[in-house]
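*Asks:* Take a look at this one; I'll ask things after.
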Amino acid sequence: MDGRAASPQGRGHLCPPLPPRRQGRLPQGHSAGARLPQESLQPLSGTAPARRADPRPDRRAAECRVHLLMRAMILAAGRGERMKPLTDHTPKPLLPVGRQPLVGWHLTRLAAAGFTDIVINTAWLGAQLPARLGDGAEWGVQIRYSHEGATGLETAGGIATALPLLGDSPFLVVNGDVLTDIDFAALRAVAPVLDGVTRLAHLVLVDNPPHHPDGDFALAADGRVSASPALTFSGVGVYHPALFATTPAGQPARLAPLLRQAMAAGQVSGCHHHGLWLDVGTPERLAEADRLAAAWR
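Here's what the structure looks like:
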């Protein structure tokens, strides 16, 4: 691959645009707010045919429960090495961005999207997160915490350790150190398609930022994601617990090897988000996030 961000790979696999809301809305003139077609997320062609009326009410009821009761996890256990010295005494998700901590923007938008059961993992200075966020009542959600100790378990290890809190159904995971207008509500439609066998994950990909020009994964025309670098993984994805079946709880483990293994088996789909996405990984980008958040209403 030449390292350039790939162009959109077919209209059916674009992430739907963010509908207008009182909070989390960018001014119309912002360069990140590209207009997108009003389309839903689609199943992979050839793997999930159009669903006919299902005579089994138990299956329909189960899918409805997954859709309505879907849980979300915010990854907040990182040390924030690139953000030093700001993170020497404050966890990166609690650094102020506009009128609230960075993680608060996720809680605000998750609540607006109907996610009220939130899991947050903690490690570095982890006691500060529940001390500041409490049970989530300030944002209209219920927060439960997965404490990993002082050093953290990396992404897959942290998710595997939190599985008892996340349940047996597909769940949404959001990196705690990004600022984005990805439509979390639209990602609910992915949950019933992740069956734990033919589909294990659905990733939101974005154009490559200047600090990551080569990208991570590629999005094919049929919605499958492969390990060839082309677009950047946003840190937002929907996962079936089966993706972590071989990952022991309480042990450090990286997410990328699990995703690449599932991609090789054709079990990962994705979409391309063209709106706001900022990796808030350095003091300079924190200042940019603060500027962007000031424009949100």
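The opening position of the sequence shown corresponds to residue 105 in this note's numbering, with each subsequent residue numbered one higher.
Idealized CB from N, CA, C, for every residue including glycine.
1. DSSP three-state call for His-306: helix, strand or coil?
2. Can we say the region 256 to 273 touches the region 184 to 192, given the rule of at least three CB pairs closer than 8 Å?
3. Quick check on the burial criterion: 16 or more other C-beta atoms within 10 angstroms. Buried or exposed for Pro-274?
4. Measure from the alpha carbon of Ala-324 to the alpha carbon of each residue in Gly-354, Gln-365, Leu-307 and Thr-284, then state which is nearest.
5. How is Pro-361 classed by DSSP in three states: helix, strand or coil?
6. From the DSSP output, read off the bridge partner residues of Gly-341.
7. For Ala-322 and Ser-338, which I take to be in contact (beta-carbon distance under 8 Å), what is that distance rounded to the nearest angstrom?
8. What does the alpha-carbon distance come out to for the pair Ala-360 and Asn-225?
9. Taking 8 Å as the threshold, find out whether the region 377 to 385 comes into contact with the region 277 to 291 through three or more Cβ pairs.
10. Quick one: using the 10 Å Cβ neighbour count with 16 as the cut-off for buried, is Asp-162 buried or exposed?
11. Could you check what DSSP says for Arg-395 in three-state terms: helix, strand or coil?
12. Can you tell me where the alpha helix (DSSP H) with Trp-209 in it begins and where it stops?
13. Are the region 228 to 243 and the region 202 to 213 touching, with three or more C-beta to C-beta distances below 8 Å?
14. What residue range is occupied by the uninterrupted alpha helix (DSSP H) comprising Thr-265?
15. What does Asn-312 pair with, by DSSP beta-bridge criteria?
16. Going by C-alpha distance, which of Leu-363, Ala-368 and Leu-270 is nearest Leu-173?
17. Just verifying my parser: in three-state terms, what is the DSSP assignment at Val-301?
18. In chain order, what residues of the same chain lie with their CB nearer than 7 Å to the CB of His-316, ignoring the 5 residues before and after it?
19. Nearest to Pro-345 by alpha carbon, out of Ala-305, Ile-178 and Gly-319?
*Replies:* In this structure, then:
1. Indexing the sequence shown from 1 puts residue 306 at position 202. Strand.
2. no
3. Taking the sequence shown and counting its residues from 1, the one referred to as residue 274 is at position 170. Buried, because 16 or more other Cβ atoms sit within 10 Å of the Cβ of Pro-274.
4. Against the sequence shown, residue 324 aligns to sequence position 220. For the residues Gly-354, Gln-365, Leu-307 and Thr-284, the minimum Cα distance to Ala-324 belongs to Leu-307.
5. The residue you call residue 361 lines up with position 257 of the sequence shown. Note: Pro-361 maps to helix in three-state DSSP.
6. For this step, residue 341 is matched to residue 237 along the sequence shown. Gly-341 is bridged to Val-277 and Leu-307.
7. For this step, residue 322 is matched to residue 218 along the sequence shown. For this step, residue 338 is matched to residue 234 along the sequence shown. Rounded, the Cβ-Cβ distance is 14 Å, inconsistent with contact.
8. To locate residue 360, count along the sequence shown from 1; it is residue 256. To locate residue 225, count along the sequence shown from 1; it is residue 121. For Ala-360 and Asn-225, the gap between their C-alpha atoms comes out near 19 Å.
9. yes
10. Working through the sequence shown from its first residue, we reach residue 162 at position 58. Per-residue confidence for Asp-162 stands at a pLDDT of 48, beneath the threshold of 50, marking its modelled position as unreliable; no derived number is given.
11. Along the sequence shown, read from residue 1 onward, the residue named residue 395 stands at position 291. In this structure, Arg-395 counts as helix in the three-state DSSP scheme.
12. The residue given as residue 209 occupies position 105 in the sequence shown. For Trp-209, the enclosing alpha helix (DSSP H) begins and ends at 206 to 216.
13. Yes, since at least three Cβ pairs between the region 228 to 243 and the region 202 to 213 fall closer than 8 Å, the two stretches touch.
14. Along the sequence shown, one-based indexing puts residue 265 at 161. Start and end: 258 to 270.
15. The residue given as residue 312 occupies position 208 in the sequence shown. Answer is none; Asn-312 lacks a bridge partner.
16. Indexing the sequence shown from 1 puts residue 173 at position 69. It is Leu-270 whose Cα lies nearest to the Cα of Leu-173.
17. The count along the sequence shown starts at 1 and reaches residue 301 at position 197. Val-301: coil per DSSP, three-state reduction.
18. The residue you call residue 316 lines up with position 212 of the sequence shown. The residues are Thr-336.
19. The residue you call residue 345 lines up with position 241 of the sequence shown. With distances taken between Cα atoms, Pro-345 lies closest to Ala-305.
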